[in-house]
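Enquirer: Let me give you the structure first, and then I'll get to my questions.
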Amino acid sequence: MDLKLTAPAFQSHKFTSSPLPPRMATLRSPRFYMASTLRTGAKEVDLKKPFMPPREVHVQVTHSMPPQKIEIFKSIEGWAEENILIHLKPVEKCWQPQDFLPDPVSDGFEEQVRELRERAKEIPDEYYVVLVGDMITEEALPTYQTMLNTLDGVRDETGASPTPWAMWTRAWTAEENRHGDLLNKYLYLSGRVDMRQIEKTIQYLIGSGMDPRTENSPYLGFIYTSFQERATFVSHGNTARHAKDYGDIKLAQICGTIASDEKRHETAYCKIVEKLFEIDPEGTVLAFADMMRKKISMPAHLMYDGRDDNLFEHFSSVAQRLGVYTAKDYADILEFLVGRWKVETLTGLSGEGQKAQEFVCNLAPRIRKLDERARSRAKEAPTLPFSWIFDRQVKL
Ligand SMILES: [Fe+2]
Ligand SMILES: [Fe+2]
Numbered sequence: 003m004d005l006k007l008t009a010p011a012f013q014s015h016k017f018t019s020s021p022l023p024p025r026m027a028t029l030r031s032p033r034f035y036m037a038s039t040l041r042t043g044a045k046e047v048d049l050k051k052p053f054m055p056p057r058e059v060h061v062q063v064t065h066s067m068p069p070q071k072i073e074i075f076k077s078i079e080g081w082a083e084e085n086i087l088i089h090l091k092p093v094e095k096c097w098q099p100q101d102f103l104p105d106p107v108s109d110g111f112e113e114q115v116r117e118l119r120e121r122a123k124e125i126p127d128e129y130y131v132v133l134v135g136d137m138i139t140e141e142a143l144p145t146y147q148t149m150l151n152t153l154d155g156v157r158d159e160t161g162a163s164p165t166p167w168a169m170w171t172r173a174w175t176a177e178e179n180r181h182g183d184l185l186n187k188y189l190y191l192s193g194r195v196d197m198r199q200i201e202k203t204i205q206y207l208i209g210s211g212m213d214p215r216t217e218n219s220p221y222l223g224f225i226y227t228s229f230q231e232r233a234t235f236v237s238h239g240n241t242a243r244h245a246k247d248y249g250d251i252k253l254a255q256i257c258g259t260i261a262s263d264e265k266r267h268e269t270a271y272c273k274i275v276e277k278l279f280e281i282d283p284e285g286t287v288l289a290f291a292d293m294m295r296k297k298i299s300m301p302a303h304l305m306y307d308g309r310d311d312n313l314f315e316h317f318s319s320v321a322q323r324l325g326v327y328t329a330k331d332y333a334d335i336l337e338f339l340v341g342r343w344k345v346e347t348l349t350g351l352s353g354e355g356q357k358a359q360e361f362v363c364n365l366a367p368r369i370r371k372l373d374e375r376a377r378s379r380a381k382e383a384p385t386l387p388f389s390w391i392f393d394r395q396v397k398l
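Residue numbers for the sequence shown follow my numbering, beginning at 3 and rising by one.
Right, dumping it as structure tokens:
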């Protein structure tokens, strides 16, 4: 979700190795749209492809992992079975959205809904913009399952493949499915948001897909998911904290419970990458540097509501201002992963490998410095209407 880390998606095709934090990159980047979907006014929608928003993605590099490396993933299937699948929770022990929502068959249903709406009244619009953006991100889950199934050597080849990689992906998707479901139902009951606009945004987003630039490589793919699971852990943890500050303990519980799932998923993906570092330190450090040079784009960076051409950037700005997900979090996650995978202590690398190692190890402080500089120069943020909250204005 969030942040301006989406900037590359709106930039030209040129590769950039600049570690610019997203805020700066966004400010600098000219926006190009596909000619076929070029629009003159904000409300025009391309009639040739009315199901797709006007968004440009990078030139897609495919199958960049040497085919012989697929064997690595085959050879560690036994390991994955024992070490990764244990991070899934048995369905019978899992929470379900209904555990946190008014029970429609109970006599107290209407009263419970009334209470939920009373609590929701105390929460400011800006918080709802962030929560809605998070919910929309979760609701684009079909895209993320698709993305995992683009990865060579670990994809679900049949839809019911018995490999541990495929089992993980399906069960991970099933666990994640509860996140969007719960947030969606909560927001519907809250009476604070324009559900139709939100639903349209979800439809556009799933139609657009995402552009993570993982090139069918599970090296790049699992680095991406390690980063993303931690990012969502941080973000849902912060929406929980804010909800508590507004006095809505039940909403805090909802966000906190989702955050704890994300943490468990982060643990699993980080373990896979740790294993890759053990087997192939050179290939893994190169992949890590490659992902960080390209920047980790947020899963919902192509979002559109039929009105705002820069919806994701606007949503990200609010998330940044509220401290739900910031450029500092991006740097902190990177630093955490560098430490988690002991990148600094890798030995036996080639010259190129050492350069990659140095790049990722020195990147977090550089991002923080650039962010501080951008903030000190930043002008007063404008206030904009968000269709998700009936065009009420929120400061970016
Ligand atoms: Fe999630
Ligand atoms: Fe997740």
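All residues carry an ideal CB built from backbone N, CA and C; glycine is no exception.
Given the structure is predicted, the values throughout are model-derived calculations rather than measurements.
Write down every uninterrupted run of the alpha helix (DSSP H) in the region 56-133 whose length is 4 residues or greater and which is fully enclosed by it, in chain order.
Expert: Taking only runs of at least 4 residues, the alpha helix (DSSP H) segments lying wholly in the region 56-133 are 72-77, 79-85 and 111-123.
Enquirer: With 16 as the cutoff for other CB atoms within 10 Å, does Asn364 come out buried or exposed?
Expert: Asn364 is exposed by the Cβ-count criterion.
Enquirer: What do you reckon, is the C-beta of Thr241 under 8 Å from a heavy atom of ligand 2?
Expert: It does not: the Cβ of Thr241 is nowhere closer than 8 Å to a heavy atom of ligand 2.
Enquirer: Compute the distance between the beta-carbons of Val275 and Trp174, then report whether it is under 9 Å.
Expert: No.
Enquirer: Which full runs of the alpha helix (DSSP H) of 4+ residues lie inside the region 303-341, going along the chain?
Expert: Qualifying alpha helix (DSSP H) stretches, in chain order: 313-323.
Enquirer: For Val320, which residues from the same chain have a beta carbon less than 7 Å from its beta carbon, with the 5 sequence-adjacent residues on both sides left out?
Expert: Once the five neighbours on either side are set aside, the close Cβ partners of Val320 are Glu128, Val131, Val132, Val396 and Leu398.
Enquirer: Label Ala329 either buried or exposed according to how many other C-beta atoms from any shown protein chain fall within 10 Å of its C-beta, with 16 as the threshold for buried.
Expert: Classification of Ala329: buried, given that the 10 Å Cβ count is 16 or more.
Enquirer: Identify the residues that DSSP records as bridge partners of Lys397: which are they?
Expert: DSSP lists Thr385 as partners of Lys397.
Enquirer: Identify, in the order they occur along the chain, each residue of the same chain with its Cβ nearer than 7 Å to the Cβ of Val134, setting aside the five sequence neighbours on each side.
Expert: The residues are Leu189, Val195, Ile200 and Trp390.
Enquirer: Indicate whether Glu178 and Cys96 have their beta-carbon atoms separated by less than 9 Å.
Expert: Contact flag unset, no.
Enquirer: Among residues of its own chain, excluding the 5 on either side of Glu231, which ones have a beta-carbon nearer than 7 Å to its beta-carbon?
Expert: Cβ within range, chain order: Glu264, His267, Glu268 and Tyr271.
Enquirer: Tell me the rounded alpha-carbon separation between Arg116 and Leu207.
Expert: Cα to Cα, Arg116 sits roughly 32 Å from Leu207.
Enquirer: Applying the criterion that 16 or more other CB atoms from any shown protein chain within 10 Å of the CB defines a buried residue, is Gln359 buried or exposed?
Expert: The residue in question, Gln359, is buried, as its Cβ has 16 or more Cβ neighbours within 10 Å.
Enquirer: Taking the straight line between their C-alpha atoms, what separation do you get for Arg370 and Ala333?
Expert: If you take the alpha carbons of Arg370 and Ala333, they lie about 7 Å apart.
Enquirer: Who's in the neighbourhood of ligand 2, going by beta-carbon under 6 Å from any heavy atom, listed in chain order?
Expert: For ligand 2, the selected residues are Glu178, Glu231, Thr234, Glu264 and His267.
Enquirer: Confirm the yes/no value for this check: CB of Glu337, any heavy atom of ligand 1, distance under 8 Å.
Expert: No - ligand 1 has no heavy atom lying nearer than 8 Å to the Cβ of Glu337.
Enquirer: Using 8 Å as the cut-off, classify the Cβ of His181 as near or not near the heavy atoms of ligand 1, replying yes or no.
Expert: Answer for His181: yes, Cβ within range of ligand 1.
Enquirer: Kindly indicate if chain B contains any beta-carbon less than 9 Å away from that of Ala82.
Expert: Looking for chain B here will not work: only one protein chain is present.
Enquirer: Kindly provide the ranges of any alpha helix (DSSP H) runs that are 4 or more residues long and lie completely inside the region 228-304, ordered along the chain.
Expert: Taking only runs of at least 4 residues, the alpha helix (DSSP H) segments lying wholly in the region 228-304 are 251-281 and 283-296.
Enquirer: For a test of the three-state rule: what should DSSP assign to Ala380, helix, strand or coil?
Expert: Reduced to three states, the DSSP call for Ala380 is coil.
Enquirer: Can you have a look at Ile251 and say buried or exposed, based on whether 16 or more other CB atoms are within 10 angstroms of its CB?
Expert: Exposed is the call here.
Enquirer: So, is Pro23 buried or exposed, given that buried needs 16 or more other C-beta atoms within 10 angstroms?
Expert: Here Pro23 scores only 37 on pLDDT, less than 50, and its place in the model is too uncertain to base an answer on.
Enquirer: Enumerate in chain order the residues of its own chain whose CB-to-CB distance from Tyr226 is below 7 Å, with the five nearest sequence positions on each side excluded.
Expert: Excluding residues within five positions, the ones whose Cβ falls inside 7 Å are Pro214, Thr216, Met293 and Ile298.
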